[in-house]
Structure formats: C-alpha cells, structure tokens
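The next block holds one structure in the form of structure tokens; read it before the comments.
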DNA sequence: GCTTACAACTAAATGGTTTTAGTAAAAACA
DNA sequence: TGTTTTTACTAAAACCATTTAGTTGTAAGC
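Chains as they are written, first to last, in full-length UniProt numbering: chain C, 1 to 344; chain H, 1 to 344.
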C-alpha cells in the first residue's frame, strides 16, 4: 500500500498544524494566502496524495460502487461495463466488478463481499438463477442504493435500465414478415428472465398482429448456460424444426450465442441462408458484420445501458431521498444485413 | 456506505471493552469461551461486518489491486480479466479495473488514481503509446509491486506474463508452409509493442527456416486503433497485396481485428477462402468457429495469462522481498480450421 | 503464607483525514 | 481607550479495527 507522505508530515515540515494543512489543501477561506501557497508547493513537490482509506473512513463514503454481472467474458456485457466505467471514472468513482457466473449462491456471496467492502451503491444484472431478491432488498433496507440493469425483475423496486426487449423482438419478427416470411420459428433461452420472456412475447405479438397463427412447434428453448450440452441441444432443436410438415422459412434467435451457433449449424447442414432459411438475431457481437452471410440483428445500445445505469446509481447515491423509481427502456435498432433478405 | 454496527456497539451492548470484542471475533486465546460465544452470537444476530476502510487504514493494506488494460471491451481482454478475477476473488482480493483506451496520458492518470486509492499492487497491460515506463518504475520504487501481462516491455524489471508470440507466429507460418503455401503475406499492427514485433519476427524466422526469401512487399502494417480509418487502410493494403506480380497465396494476420476484418474484405472481393487465398489468424474470438469459412487461428490461453499474472502479483505482495523476477511465456495452440486447408 | 503463573479482561495508542470548537492577535469601530 | 469583528491559525474529537502494554483476580507451586 502507498507509503506516501501524510498531512502530519507536511505539518511538521512547515511548522503548522494538521488541520491548517488540510484546510490549505482544500482552499479553505480560513487559511491565509501565503500559508496556502507554501502548503500547496510542498504538497506538490513531495507528491502528497490523500489516503483514500482514511478519507473514506472519516466520510463514511468510499466513492466506490459494486457491479455484479453474470460474466465479464462476453462482448455485450463488456460493452455495458465500458459504459459504466466511463461514467464513473469521469466522476472519480471506482467500480468493483464481480462475476456471479449465473449462480445464485455466488451472487449472494458477491453481494455480501461488496457490502462488507463498503461500497456506496450496487449495480447488478442478476443471475438467471435468481428468483429470490431478498439479498438485494435487504441491501436497500440497509440504505444502500441498488440499480438493476440489462436484466430486470419486478421483485424489487428501484431504478432499472435495459433495452425494450419486447419491442425489439416485435420489430425483428415484423421485419421477417415484411420480407415475405410467414413460417417463423423462434429460438430462445429457457429462463424466466425478462430478457427472454419479453422477447418471446414480442415475437408472439407480431405474429398475432399480422394474423399468423402461433405454432408452438416453431418455438424451441435451449439451456444456453451449459456450454457442454448446448451444441447437441441446438442441433436437435434445429432438426426437429426442419422435420416439421410445415417447415419454418425463417428463424428469430433471441440471444447472441444462439444466433451465431445457429448460423454455424445451418451452414453445416448445407442450408443456404437466407434462400433456404432466413435468420435474424438479437445480438451485439461486432462480428455480425463479418459473418458469412452477414447476420441481421436487433442491436442493443449496450454502452448507453451501462452509462445510464451508472448515472441512475450515482444520482441515487448523491440525493438519497427516495425519489420515485424509474424504469428506462432504451430502444433497439434493427440492423438489416444479408441473412434476412427479402424472399422474393 | 454501510451503516453497520461496530465493535463498540457490541461492546456497549454486552458491557465489554472494544478490544475484548475484537479479540473474541478473531478467536483469540486471551478471551474466555463464554464471552466468545456471547460476542459471536450477538455479532451474528446483528450482522456485524468489519469496516473495510478502518481495517485497511489500520493494517496499511487494502486487499485490493489495480488492473489497467487498454479496453475491457474486447473478447481476449475480457477472458484475461476473467482469469485475474477468479484468482483474486478466491483469495478475497478486490480488483479495480481501469481502461487506458490506448492513451499514454490516460494510463498515467489511471496509475495515479489507483495509487492514491491505496491498492496493494498493480497489474498492467500497457497502452500501445507507452514507451516511457517511469510511471511504473516510480511505483515500484515506492514499494508497490507491479506485474506486466499480455504486453511486455524491457523498460521495466518485474514479473511478466504473456504468450509466446514469437513461437505462435512461427507455428502459424510453418502451418501454412506445410500446407503448401509459399507466398505468405503478413498483416500486422503498426506498433512497437512486443505482441506485434515478436509475431513479425516469428513469421520471418519461419520463412527463413524453410528457405523462403522474405519479401517486404508481402508485409503490411495497419493502425488498428483507429476504427474510423482501419477499413480503408485494410482495403488498400489488401488491394496492393493482390496487385503484386507475385501474388500471395496465404495471409497470416496478427490480431483479432485484422483477422476478422480481413476475412470480410476478402469475401466482398469475391475471393474464395482458402482456394484463392488461405488465412490464419492470431486470435481468441470464440467466433472463429462460426465464421464462414471457419477461421484457423493461433489460440492464446487468455484465462491462464490472467490467472498467472494475478498469482505472480499476489505472491509479490505477500513476500515483498525482491525475489528474482520471472518472465512467463505460455505456449499458444494451433487450431486448424477451414480457412487454411492444404492447397493440394 | 508468599510468590509465580495464568486466565480474562481493559485502556489507550495507532493509522490519516476532516471538522467542530476554540484561541490569539490584529484590524475595525465607537 | 475599550470593545467588537475579522483573520489566521490550532487542539482535539470522530471515523473503526487492531494491537501493545498493561491490570485485575484466581489458581498453582514451594
């Protein structure tokens, strides 16, 4: 740890009291100009840096926030973290990132650790296992601001920031419909998380609005958290889809992983995209562009989600009076590429 | 920040002294069993959690380390961070991640901030602008352990962990040669960072060892940090390569970004891969598999780099006697896919 | 019976900063 | 001249956990 000079070192060297030095450095009106200059010069010369621990202890604020995410290692999440980081570091807040790895127990452990670590607030994208939110409401009751991002839940009242999954999925499906596809399958993640359920609902609503009967056979849910079994699960799902009497002409895949894996699988089976089957993903991979064929996607403003979530948290920390909580749903953007070209 | 109960709250409640309570909680031999039980029970019931700031201030250790990276938002980096995080959180160390965004000034600012924040050590992958390492050697002189990872430099003596870039590049090139390609171009990043120069050297050595004359026209350096101009720069580079009298039959691309962009470009120009031109990358994108054609790569053990770097730093923090410094170069792994299939 | 040893505790200092309450001297005012 | 105000500073408390150096009271040893 840093063995810097302290206020009392400066005080001794200049024959002043510690409090005078402290005040001189914060440009207090209580200190004469001459003294201020002396202190400032000495501090600069000897690279004085206030001790963060001491200051935090004294102020009861650590100027650090906790961020709990399922996994850092994922392009979309990294972009959101980038947004959080940018907003916070501009305001001299440190962020402490922890990974839940989609485990509820791990998430609870992270919360305890961060709380004990003296964070001023928490930003969290809950694990997919998390159905009980008491570890978070407890935190709130203890006076710690909590903001949800990306993955929302109704089990806790607070600021929430995410993308409008329903609308994004709706637009993806409508795009396929407008391009002449009517038999549209849907590949989703088998979880109760709003990111998944809302996308499913958006898909259903689009079909309904365009008078296409919903066909449960066209919808497949996979466990995307288990990398070991996913490939096989996906292969089976696709085979089943392709074996249907009324074979789907297009697929709307609800997550990054499903989209790219699906594309690879279809390729291997020798299917031409979009001629044999069209594809659109809900995704943020920067590789959508370089895939072959390039993959149409619903793009999420990931950086902005992170940025806004951080903003919400920091204002919550600043004026801790309980303002009415907001849920911000950012719009997605349809990015049309080759994989969903019009049928005719 | 956490408004928990403190030792003195417990002390008052149980009519004990603060020191007794402190000792009871650390299971000191100086405290009687009965008292211990009482204290422990009370602490548990009231969710006592030691104040991290106070403890850190007292101990002169923060149990947190700084991690400076160019950018979080990059699959390879995220994997390394994952490794760092896993090792540290298993040992109750917090990590504070900051981004330099490839800017030297930003990196210096990060270092100051982290130092002031009272970290116990620093893990850094320097920005590509960084040629002066005095901000890091200063840190060392102040007694703060520093470990370099991924991007190494000879301007500072410390533990270093990275991948064997020379050998990896050598193997990539040899792989192409063995598959029948002799006119092999090389696309690299225009920086003096070892990650780039070592790969270039590996490429040259392979050619030399197989009796292929090095042709400077076959080598192109691009500024991959400027996203705005990269596409055009790359397009020009590829055009120039393809216009050569002795046209290259294969390309070894030295970074993730170059590999994927290059693949996309070649596609657009209607070239078949690997028939018209083969490709191998130095890369960690999990999408290598799903690209079309799937991209052969030199895979880097990113998680392991992070893990080992964290390990080196924590041991350095633990026994701060200056052991001899090590440089660990992990082996890469050649992953053969379609883009570099044998010519015949 | 007296010393020694031990068990079970406590007072107080330490770490570095901020802030409250206060002091001394100089300047302003009457 | 005497009082008030202002200026420029200081002492000390507070934040909380840890640890050193004790202080009791009791049991063991001779």
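Every residue gets a Cβ at the ideal spot worked out from N, C-alpha and C, and that includes glycine.
For this session: Could you tell me the distance, in whole angstroms, from the CA atom of residue 70 (chain C) to the CA atom of residue 100 (chain C)?
Result: 5 Å
Exercise. Going by beta carbon distance, what residues of the same chain come within less than 6 Å of residue 314 (chain H), once the five residues before and after it are set aside?
Worked result: none
For this session: Just grab the DSSP bridge partners of residue 220 (chain H) for me.
Result: H:187
Exercise. Are residue 330 (chain H) and residue 85 (chain H) closer than 8 Å when you measure CB to CB?
Worked result: no
For this session: Compare the C-beta of residue 304 (chain H) with all C-beta atoms of chain C and state if any pair is closer than 8 Å.
Result: no
Exercise. Of all the CB atoms in chain H, is at least one closer than 8 Å to the CB of residue 87 (chain C)?
Worked result: no
Exercise. Can you tell me whether DSSP reads residue 283 (chain C) as helix, strand or coil?
Worked result: coil
Problem set entry | Sheet register partners of residue 122 (chain C) (DSSP bridge) | C:66 and C:146
Problem set entry | Of the residues C:247, C:290 and C:36, the one placed nearest residue 218 (chain C), counting alpha carbons only | C:247
For this session: Using a threshold of 8 Å, state whether the C-beta atoms of residue 149 (chain H) and residue 162 (chain H) are closer than that.
Result: yes
For this session: Check residue 245 (chain C) in the structure and name its three-state DSSP category.
Result: coil
Exercise. So what's residue 162 (chain C) in DSSP terms, helix, strand or just coil?
Worked result: strand
Exercise. Can you find a CB in chain H that lies within less than 8 Å of the CB of residue 115 (chain C)?
Worked result: yes
Problem set entry | 4-residue-minimum alpha helix (DSSP H) runs that sit fully inside the UniProt domain "HTH lacI-type" (5-59) of chain H, ordered along the chain | 7-14, 18-25, 33-45 and 52-59
For this session: Taking C-beta pairs closer than 7 Å, name the residues in chain H that residue 46 (chain C) reaches, listed in chain order.
Result: What residue 46 (chain C) touches in chain H: nothing, since even the nearest Cβ is about 12 Å away.
Exercise. Under the rule that 16 or more other beta-carbon atoms within 10 Å means buried, what is residue 1 (chain H), buried or exposed?
Worked result: For residue 1 (chain H), the predicted model reports a pLDDT of 46, less than 50, meaning its position is unreliable; a value from the coordinates is still stated below. Per the 10 Å Cβ criterion, buried.
Exercise. Under the rule that 16 or more other beta-carbon atoms within 10 Å means buried, what is residue 47 (chain C), buried or exposed?
Worked result: exposed
Exercise. Taking the Cβ atom as the reference point for each residue, do residue 317 (chain C) and residue 120 (chain C) lie within a distance shorter than 8 Å?
Worked result: yes
Exercise. Going along chain H, which residues have a C-beta under 8 Å from residue 72 (chain C)?
Worked result: 72, 78, 81, 82 and 85
Exercise. Any idea if residue 272 (chain C) is buried or exposed, counting beta-carbon neighbours within 10 angstroms, 16 or more meaning buried?
Worked result: exposed
For this session: Helix, strand or coil for residue 343 (chain C), going by three-state DSSP, please let me know.
Result: coil
For this session: Name, please, each residue of chain H whose Cβ falls closer than 9 Å to the Cβ of residue 99 (chain C).
Result: 82, 85, 86 and 89
For this session: Could you name the residues of the segment 258-270 of chain H whose beta carbon sits closer than 8 Å to any beta carbon of chain C, in the order they occur along the chain?
Result: 260, 261, 263, 264 and 267
Problem set entry | Cβ neighbour criterion (16 or more within 10 Å) applied to residue 264 (chain C) | buried
Exercise. Looking at the C-beta of residue 336 (chain H), does it have a partner C-beta in chain C at a distance below 8 Å?
Worked result: no
Problem set entry | Residue range of the beta strand (DSSP E) that includes residue 323 (chain C) | Run containing residue 323 (chain C): none; DSSP gives neither H nor E here.
For this session: Taking only beta-carbon positions, decide if residue 75 (chain H) is within less than 8 Å of chain C.
Result: yes
Problem set entry | Backbone CA spacing between residue 57 (chain C) and residue 126 (chain C) [nearest angstrom] | 30 Å
Exercise. Are the C-beta atoms of residue 62 (chain C) and some chain H residue less than 8 Å apart?
Worked result: yes
Problem set entry | residue 37 (chain C), buried or exposed, once every other Cβ within 10 Å from all chains shown has been counted against 16 | exposed
For this session: Check whether the Cβ atoms of residue 20 (chain C) and residue 6 (chain C) lie closer than 8 Å to each other.
Result: no
Exercise. Between the C-alpha atoms of residue 240 (chain C) and residue 303 (chain H), what's the straight-line distance to the nearest angstrom?
Worked result: 36 Å
Problem set entry | Contact between the segment 177-188 of chain H and the segment 201-218 of chain H (3+ Cβ pairs under 8 Å) | yes
Exercise. Using DSSP with H/G/I as helix, E/B as strand and the rest coil, what is residue 76 (chain H)?
Worked result: helix
Exercise. When the Cα atoms are used, what is the spatial distance from residue 290 (chain H) to residue 79 (chain H)?
Worked result: 19 Å
Exercise. Along chain H, which residues have their Cβ under 7 Å away from the Cβ of residue 54 (chain C)?
Worked result: 57
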